[in-house]
Amino acid sequence: MLYENKSIIVRSGIFEENENIFQKLKKECEIELKADSKAVDVDFLDIKTIVILFDSFADGRGFSIARQLRQFGYIGIIRAKGHLLADQYPLAIRCGFDEVEISSEHAKRQPQHQWSDSFTRVKNNYQDRLMLA
Amino acid sequence: MYIYNQFDTDFVRQRVSQFSSQVEKRLNGSLSEDEFKPLRLMNGLYLQLHAYMLRVAIPYGTLNSTQMRHLADIADKWDKGYGHFTTRQNIQYNWPKLKDVPDILNLLADVNMHAIQTSGNCIRNVTSDHFAGAANDEVADPRPSAELLRQYSSDHPEFGFLPRKFKIAITGSKGDRAVIKSNDIGLRLMRNENGDLGYQVIVGGGLGRSPFVGKTLREFLPKADLLPYVEAILQVYNLAGRRDNKYKARIKILVHEAGLTEIKQHVEACFEKQKQFFKRPSDELIAQIEARFSLPVFIDADVEVFENERRNNVAFAQFIETNISKHKNSNYVIITVSLKNIGATPGDATSKQMRVLADIAKQFGHDELRVSHEQNIILPHVHKSHLPAIYRLLKQADLASANVGLISDIIACPGMDYCALATARSIPIAKDIAKKFEELKLEKEIGNVQIKISGCINACGHHHVGHIGILGLEKSGVENYQITLGGEANLNMNIGERTGPGFSCEEILPAVERLIEVYLLKRKGKKESFIEVYKRLGMKVFSEALYIKKGQENVV
Numbered sequence: 024m025l026y027e028n029k030s031i032i033v034r035s036g037i038f039e040e041n042e043n044i045f046q047k048l049k050k051e052c053e054i055e056l057k058a059d060s061k062a063v064d065v066d067f068l069d070i071k072t073i074v075i076l077f078d079s080f081a082d083g084r085g086f087s088i089a090r091q092l093r094q095f096g097y098i099g100i101i102r103a104k105g106h107l108l109a110d111q112y113p114l115a116i117r118c119g120f121d122e123v124e125i126s127s128e129h130a131k132r133q134p135q136h137q138w139s140d141s142f143t144r145v146k147n148n149y150q151d152r153l154m155l156a
Numbered sequence: 239m240y241i242y243n244q245f246d247t248d249f250v251r252q253r254v255s256q257f258s259s260q261v262e263k264r265l266n267g268s269l270s271e272d273e274f275k276p277l278r279l280m281n282g283l284y285l286q287l288h289a290y291m292l293r294v295a296i297p298y299g300t301l302n303s304t305q306m307r308h309l310a311d312i313a314d315k316w317d318k319g320y321g322h323f324t325t326r327q328n329i330q331y332n333w334p335k336l337k338d339v340p341d342i343l344n345l346l347a348d349v350n351m352h353a354i355q356t357s358g359n360c361i362r363n364v365t366s367d368h369f370a371g372a373a374n375d376e377v378a379d380p381r382p383s384a385e386l387l388r389q390y391s392s393d394h395p396e397f398g399f400l401p402r403k404f405k406i407a408i409t410g411s412k413g414d415r416a417v418i419k420s421n422d423i424g425l426r427l428m429r430n431e432n433g434d435l436g437y438q439v440i441v442g443g444g445l446g447r448s449p450f451v452g453k454t455l456r457e458f459l460p461k462a463d464l465l466p467y468v469e470a471i472l473q474v475y476n477l478a479g480r481r482d483n484k485y486k487a488r489i490k491i492l493v494h495e496a497g498l499t500e501i502k503q504h505v506e507a508c509f510e511k512q513k514q515f516f517k518r519p520s521d522e523l524i525a526q527i528e529a530r531f532s533l534p535v536f537i538d539a540d541v542e543v544f545e546n547e548r549r550n551n552v553a554f555a556q557f558i559e560t561n562i563s564k565h566k567n568s569n570y571v572i573i574t575v576s577l578k579n580i581g582a583t584p585g586d587a588t589s590k591q592m593r594v595l596a597d598i599a600k601q602f603g604h605d606e607l608r609v610s611h612e613q614n615i616i617l618p619h620v621h622k623s624h625l626p627a628i629y630r631l632l633k634q635a636d637l638a639s640a641n642v643g644l645i646s647d648i649i650a651c652p653g654m655d656y657c658a659l660a661t662a663r664s665i666p667i668a669k670d671i672a673k674k675f676e677e678l679k680l681e682k683e684i685g686n687v688q689i690k691i692s693g694c695i696n697a698c699g700h701h702h703v704g705h706i707g708i709l710g711l712e713k714s715g716v717e718n719y720q721i722t723l724g725g726e727a728n729l730n731m732n733i734g735e736r737t738g739p740g741f742s743c744e745e746i747l748p749a750v751e752r753l754i755e756v757y758l759l760k761r762k763g764k765k766e767s768f769i770e771v772y773k774r775l776g777m778k779v780f781s782e783a784l785y786i787k788k789g790q791e792n793v794v
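Just so you know, the sequences run in chain order A and B.
For reference, each letter of the first sequence is one residue, going 24 to 156 in my numbering.
For reference, each letter of the second sequence is one residue, going 239 to 794 in my numbering.
Have a look at this one:
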């Protein structure tokens, strides 16, 4: 019932129904990138939200795209949309994603607490310790 | 050797609890089997032919006596009293139960060990020279670089879901005991003309169904640039590597299809960009890592007891001849303990043997052990005066086979006896060959020859780089073994050439015998090894012996 027919946005461990987000962003520019997009092709600096699609959780190209966007200086919102697991949430955050959009079916299978548990694993990683950007 | 700090310890504990929660999520349906699979693989857990298999990481093959003892305890408690040391310097347990795996991981965590990234499409456990820090031929110790790469690659956020697995190997010597050219990235520590330390960077090597010798991407990379450069290679691969066919997904195929020049352009461009954003590890952190690998405090003692034993004990002298390598300190040696007893499974060690090795390392070996990619165990720092005592202990534990580098020192994958992918058995073939030449008492006469056996085209037994390579396939329901000759596993890595049609299970041993007969007949004295004769004479004389005789036998 809870997530019926709406996609769900996960943001810092919080679930929000997607409708609200779209209300807010209605007039703002949003683009979708497929996993085979090249971040360098996008003139992105004035885009409010960039959505990177994950057809399969096993396809890690989206992580590199997000990281490149941040390296190029993009400061807007980056959202992962599609098949991403709660266990991958910390990786996404660390690559520069702000939020994840999943289907209602997926949200039922992997409810909010799994995402907030997972979020605690953002800290204490080797890469920060090695002072990588 | 590297000692875990609080951060490392916490990291491993966190991974154990994360994996426990993943098992739970699989059981309650939060994760589908397809989703669970890559997660369990990234924690070293495979589903094999008969049971789960757990592959425990031994970073760059280095461990101490306490860790070895824990490996023995796990073998007793959750396996059948033994473990299998692998060609990537790890250890595999073939019989754990899924429900016990979190307990095993917790026990490993007690001694700073884990199974992280020993499988899956991620950066795998980094391998290195098993003589690192001890060999007398190295430019620099590769272990600090290997440790830096271990830290860098552990749970890297960007590279956990690569097109395919990614293997990095590093050597500090021209001798290249790490076979760096068979890895996705191979690194060789070297000095440039100014005397600065850096790396030769090799990319796109690999065995498997399409073997490639790695190609040089950078002749010299300054030492401080290692991480941003590796990162550039990985980012190019992650975005451009093929994802449509798992057999074409390794970086070797990308390099092959796009060409080295194009890959180099992309990597160098990406590297230039990475350098701007990449804050390097602090000098302090690098110094901390390097300090962990300082040499042990060597003892100063008389070596006469060793010389006496060598004069008076033939078996001991023979062991010294085959199983000892030169150490930096002339009063020390490196011992290679063979896990290739005649008739035993290559790479297997019983829990009792593991404890004996741990005891020896603790008492005589500055508490250090190594696992070699040849599936043997190394005692890297042994004073000569301790050799007689060590030899006696090894002998009692059935660990004194004097066959390192000889024909029975065979690399073999687990094959159809354990592996779900295998198409033929490899262990029994290795056992048969070892037994036969032992019976003939010819091993010493034949000298150095490397036989490597794989039970399927994935080539885990490295058959492509064996002087004699044997590949077990299945042909209309029957095992069939193809032979390749002339492979080499060193800095001049070479991929062996197929001799012709394969041999049946019964024919393969006589075929190997015929190859050795030709070698003994054609060599210019004992000093010319099998591979040297092959390089001098080429395939023809060997294939004639293989196939003409085979035809004649059929006529009879």
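Heads up, the beta-carbon is just placed ideally off N, CA and C, and yes, glycines get one too.
Bear in mind that the values here come from a model prediction, so they are computed numbers and not experimental data.
Which residues in chain A sit within 8 Å of residue i, going by Cβ to Cβ distance?
i	result
D248 (chain B)	N147
Q526 (chain B)	By Cβ distance, chain A contributes nothing, its closest Cβ being about 11 Å from Q526 (chain B), past 8 Å.
L477 (chain B)	K61, R84, S87, I88
Q389 (chain B)	Y149, R152, L153
Going by the CB atoms, is the gap between residue j and residue i shorter than 9 Å?
i	j	result
G282 (chain B)	A353 (chain B)	yes
I769 (chain B)	V687 (chain B)	yes
I116 (chain A)	F142 (chain A)	yes
G710 (chain B)	R663 (chain B)	yes
S139 (chain A)	I31 (chain A)	no
I408 (chain B)	L455 (chain B)	no
A462 (chain B)	C508 (chain B)	no
L625 (chain B)	F536 (chain B)	no
L357 (chain B)	R293 (chain B)	Checking the displayed sequence, the identity of residue 357 (chain B) turns out to be Ser instead of Leu. Taking 9 Å as the Cβ cut-off, S357 (chain B) and R293 (chain B) qualify as a contacting pair.
L76 (chain A)	G105 (chain A)	yes
P460 (chain B)	F516 (chain B)	no
P584 (chain B)	A640 (chain B)	no
Let me know the secondary structure DSSP gives residue i once reduced to three states.
i	result
A156 (chain A)	Reliability of the predicted coordinates at A156 (chain A) is poor, the pLDDT of 42 falling under 50, and the value obtained from them is presented with this limitation in mind. A156 (chain A) falls in the coil class under three-state DSSP.
G358 (chain B)	coil
V451 (chain B)	coil
N686 (chain B)	coil
I440 (chain B)	strand
P460 (chain B)	strand
E396 (chain B)	coil
I241 (chain B)	coil
A525 (chain B)	helix
K49 (chain A)	Because K49 (chain A) carries a pLDDT of 44, less than 50, the predicted location of this residue cannot be relied on, and no value is offered for it.
R84 (chain A)	helix
E726 (chain B)	strand
Y97 (chain A)	coil
Y26 (chain A)	Note on Y26 (chain A): pLDDT 46, under 50, position unreliable in the model; the coordinate value appears next. Three-state DSSP puts Y26 (chain A) in coil, outside helix and strand.
E273 (chain B)	helix
I44 (chain A)	With a pLDDT of 48 at I44 (chain A), under the threshold of 50, the modelled position of this residue cannot be trusted; read the value that follows with caution. Of the three classes helix, strand and coil, the one that applies to I44 (chain A) here is helix, per DSSP.
Across which residues does DSSP place residue i in a beta bridge pair?
i	result
T574 (chain B)	B:I616
D586 (chain B)	B:H322
H700 (chain B)	In the DSSP output, where bridge partners are listed per residue, H700 (chain B) has none listed.
S568 (chain B)	Note: S568 (chain B) sits in no beta bridge, so no partner.
Q720 (chain B)	B:L709
E122 (chain A)	A:R34, A:R102
Could you work out which residues of chain A lie near residue i, taking near to mean beta carbons separated by less than 9 Å?
i	result
K633 (chain B)	Neighbours of K633 (chain B) on chain A: none; closest Cβ ~43 Å, over 9 Å.
G398 (chain B)	G83, F86, Q111, L114
K511 (chain B)	Q91, Q94, F95
Q305 (chain B)	The contacting residues do not exist; Q305 (chain B) stays about 21 Å from chain A at best.
S357 (chain B)	Those within 9 Å of S357 (chain B) in chain A number zero; the least Cβ separation is about 14 Å.
Which bits of chain A does residue i rub up against, with CB to CB less than 7 Å?
i	result
H394 (chain B)	Q150
R481 (chain B)	D82
Please name the residue, chosen from the options, that lies closest to residue i on a Cα-to-Cα basis.
i	options	result
N795 (chain B)	B:R518, B:Y298, B:I423	Outside the displayed range of chain B (239 to 794) lies residue 795 (chain B), so it cannot be described from this structure.
P382 (chain B)	B:D248, B:A525, B:F399, B:A635	B:A525
I580 (chain B)	B:N614, B:D434, B:A672, B:D317	B:A672
Q135 (chain A)	A:K61, A:I88, A:V123	A:V123
P334 (chain B)	B:H288, B:D375, B:T325	B:H288
D636 (chain B)	B:S610, B:G603, B:A582, B:T661	B:A582
Show which residues of chain B have a CB atom less than 7 Å away from the CB atom of residue i.
i	result
R117 (chain A)	P395
Can we count residue i as close to the ligand MN, meaning its CB is less than 8 Å from some heavy atom?
i	result
F274 (chain B)	The model depicted lacks the ligand MN and carries no ligand whatsoever.
Given that residue i touches chain B, what residues does it touch there, using C-beta distances under 9 Å?
i	result
R13 (chain A)	Outside the shown range of chain A (24 to 156) lies residue 13 (chain A), about which nothing can therefore be said.
Can you pull the chain B neighbours of residue i, defined as C-beta to C-beta under 8 Å?
i	result
R102 (chain A)	The contacting residues do not exist; R102 (chain A) stays about 16 Å from chain B at best.
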